[in-house]
Structure formats: structure tokens, C-alpha cells
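Notes follow once the structure below has been shown.
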Amino acid sequence: MKTLIAGVVTLALVAVFSILSVQLWGEKEEGMSQDVPLTITAQMTVGQFAEINHLPRPLLKDIFSLASKEQLEQPIRDFGLSLDQIITQVNQKRALSEEHASKNWFKIPLKFALWFIFLLMSFVLLRRKKITRKTRVILYACSFILFGVVLGADPSPMGTVKDAIVLYGTKGVVFKPRLVAFGVFTLTVVLANKFICSWGCQLGTLQDFIFRLNRNGNDSGPGRLPQFKIPFVVSNTVRILFLVALTWVAFVWAYDISHEIDPFKIFKPLKLSLWGWGFVGGILLGSLFVYRPWCHLFCPFGLTGWLFEKLSVFKIKVDYDKCIDCRSCEKACPSTVMKAILDQDKRVIPDCFSCGNCLESCPTDAVSFSRGRRQKPPVDGGAA
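85 is the number that the UniProt record's numbering gives to position 85 of the sequence shown; each next residue is one higher, with no gaps.
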């Protein structure tokens, strides 16, 4: 009961302080823009079209390639565009304009700068094997408080994939800053195994923090309540199907199926419906029992990150010259990844969130977070 109460209290505090943070930042409304009916005929001039539909001059310039004010007096038919093409372009330009206007362009660069500092610090600590149970919990708490409660739900690693798919599927446009963010996040995955998910993602670290509330004193196994490791074939299948469904619905029905259940909204809780609260609360409290359930079962960036982490420069490795095959690292690992690393000749390697449990638990210093390819385990099972 104490563990469950601790989880509920954590979520309550996150929600309350996130509401205050949103008010202080004056967060702008985000959401998929609706197409507005336009009044248009081939005979009306460009200026009349703009005046009747309240369209800004820069938008007209982009659509009609205007070079002078005189062209505003020309009829629309002179520009070689069909009415349907003009309507589509207006709605696309509006969608991009609203997307841009919804962003806090002071907060976003600040957040990326702080991410860089925080991830670099976490990387150094992990490389030097200075991540202990206490350090880990403190880092997770600092991460979700700073990047979630204080700096808000957006941007997030998941949004760079999910929102890009939804915007393109519904409006047929690409918001370029989001692609840049995706590239930056993916680069951190390639440089150091899934590092933005591990230590920077506000939702990922919140889940990890809650998971640690239900661990024993050594952070090597479950505490008062049971914890379960979902087989990777199950979790990854669900994650792939969710991404397929998200893409299908966005392109076919122009709808974001994650809109009501987006767990990042815990950092802007007034945007959650009753149904959304039920799902998000269930996912986050479920983190007491299952390691990072949203990351493993639903997150689109979690899936793309898992693919790119195969290219990671720094990753968890085992030195089989030191390994005594005690499997302490496997027992301490919160997921199935360490078992797969030890048995990599037989298994696909699941997501590794570089939490450092395996480094801390190894009695012979055989596990490291280092550069290069992983060794294949010896045929005899790995005992030195």
C-alpha cells in the first residue's frame, strides 16, 4: 500500500505543479487545425479573395508567387491554379502557420541546451560507473521535473515522430523544425544507446522513477509489489501495430488516435479528458509493475529509436574474459534486454535504456558502457 500511495502522490504532485507551470509559461493552444470553408471563384481578383477570406498577404505571396501589388488586381484564373489547388494550399499554409504560432520559441532552444548539458553529465557518470541507486533516482527526478514539469510537455522525442505523421497524414505538410528535432534526438540514440529516452525524455524518466519506487534496497529486483518483464516479441508487436494504426487513421480519417490518451499530457493535465486521465493514470501507475510500459508498448520514437540503437557507438557490453556467468546483471535489469545481450546468438536485442543497473550489479566489473561491437558469448555459456 505504501508503494502504491507513493506512486499516486508522485502523479498528483506532477499534475498540480504542471498546471502552475503551464499558467506561468502562458502555454498556447495546440491541436490539429480545422479546414475553414473558403469563398472563391475564378473571376474574383486575388485581393478580393484575400479580403473575403481574411487571408494575410504573405500567404497570398507564397500561393500565387506574387511579385508586385498590381497582381492583387488580377483574377485568380490568370495564375494557372485550379480552385481545388488553391484551397488545398491555403489550408496547408494555415496549418504550418498555426503549428509555428503554437510553439514557444524561447523555451524550445532553452530546453535543447539544457538537454545537452544534462545528457552529457549522465553520459560521463555512466561511463565512469558512478550511477548508483540513489544517483539514478535523483537524475530521473531532476529530468522529469526540469524537462516536464518546468519546461512542459513539448517538445518531446515522441512528438517528433507522432506529430509529424499526423500533420502529414491530415494536411499533407511537413513542419521542418520537427524534422530537425527528430534528427537531433536520433543522433543521441546513435552516439549513446537510446540516451534521449534514457535520461532526457520527460515521460520516460517519470515512468522510470515510478518503477524505482517499487524496487528493493539494492535496486536489483521488485520490492513490496510484483514486477513483470513483458517478452520483447509481445511488446514490440504491440508497438508496431500501434504505429501502423496511428498512421492508417491519420491518412485515412485525418485523426490522431493518441490525442485522448497522450501520456505527455500529464505535464499539461487540464488538456486531459476523463477517459484520458483513466488511460494515462493506468499507464503511469502501471510503471510500478512493468518497466516503462508506454515506451515499450506504444511510443513511436521508442520504435524508431530501437532501430537506430543498433548503430549506437556507446552501448552496454560484456567482457566474457571477466564474466563468471552469475547472471546478476540479468536479474538486476528491469527488462529482458540483459538476458538477450548475454544470449545474443539466439535473440534479437530489445530496447536498452542504459539505466546502469547491470553495471552496478556485476561483481567482476565485466559489464561496461563502452564503445565498439559487442562480443559474442562463448559456446560454454560465458563462465571465465
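Cβ atoms here follow ideal geometry from the backbone N, Cα and C, with glycine treated the same way. What you are looking at is a predicted structure, and each value in this text was computed from that prediction instead of being measured.
Where residue i sits in the DSSP three-state scheme
i, result
"I240", "helix"
"W290", "In the sequence as displayed, the identity of residue 290 is Val instead of Trp. Of the three classes helix, strand and coil, the one that applies to V290 here is strand, per DSSP."
"P109", "helix"
"F353", "coil"
"D321", "coil"
"A384", "Confidence at A384 is low in this model, with a pLDDT of 40, below 50, so its placement is unreliable and the value that follows should be read with caution. Three-state result, A384: coil."
"T247", "helix"
"F228", "strand"
"T45", "strand"
"P334", "coil"
"P222", "strand"
"P300", "helix"
"P157", "helix"
"R128", "coil"
"C295", "helix"
"N53", "helix"
"S328", "helix"
"V233", "helix"
"E339", "The residue you asked about is not Glu; residue 339 is Lys in the sequence shown. It is helical."
"V36", "coil"
"V379", "coil"
"I257", "coil"
"G276", "helix"
"G80", "coil"
"G152", "coil"
"V348", "coil"
"D62", "helix"
Limits of the unbroken alpha helix (DSSP H) element including residue i
i, result
"K2", "K2 to W25"
"C362", "First-last for C362: undefined, no H or E at that position."
"E70", "Run containing E70: none; DSSP gives neither H nor E here."
"R94", "L83 to A101"
"L139", "R133 to F144"
Pick from the options that is closest to residue i, judged by C-alpha positions
i, options, result
"A6", "L246, V280, L81 and I210", "I210"
"C352", "S198, G204, M121 and C299", "S198"
"K229", "S273, W306, P293 and L243", "P293"
"I86", "I63, E73 and D256", "I63"
"K129", "C362, P378 and P377", "C362"
"E99", "W275, N216, F279 and K171", "K171"
"R327", "Q74, C358 and D219", "C358"
"K315", "R373, L297 and K265", "R373"
"D321", "D365, F264 and L285", "D365"
"Q75", "Q43, F175 and P157", "Sequence inspection shows Pro at residue 75; the Gln mentioned does not correspond to that position. Among Q43, F175 and P157, the Cα nearest to that of P75 belongs to Q43."
"L186", "Q207, L167 and M158", "Leu is not the amino acid found at residue 186; the sequence shown has Thr there. Residue M158 is the option with its Cα nearest to T186."
"P334", "G148, Q92, I240 and S354", "S354"
"T45", "V313, L179 and K69", "K69"
"L60", "V36, D35, P37 and N91", "N91"
"L243", "T304, I349 and W115", "T304"
"N214", "R133, S368, F279 and W25", "R133"
"P177", "W105, G169 and G281", "W105"
"K103", "D84, S156 and I283", "S156"
"K268", "V137, L120, L20 and A164", "L20"
"I40", "S82, P56 and T10", "S82"
"V36", "R57, E309, K93 and V22", "K93"
"D319", "C329, V124 and P300", "C329"
Span of the beta strand (DSSP E), counted from its first residue to its last, around residue i
i, result
"R371", "V367 to R371"
Sheet register partners of residue i (DSSP bridge)
i, result
"F314", "A192 and R371"
"P269", "Note: P269 sits in no beta bridge, so no partner."
"P75", "T45"
Q. Along the chain, which unbroken stretches of the alpha helix (DSSP H) at least 4 residues long are found entirely within the segment 159 to 216?
A. 176 to 191 and 202 to 213
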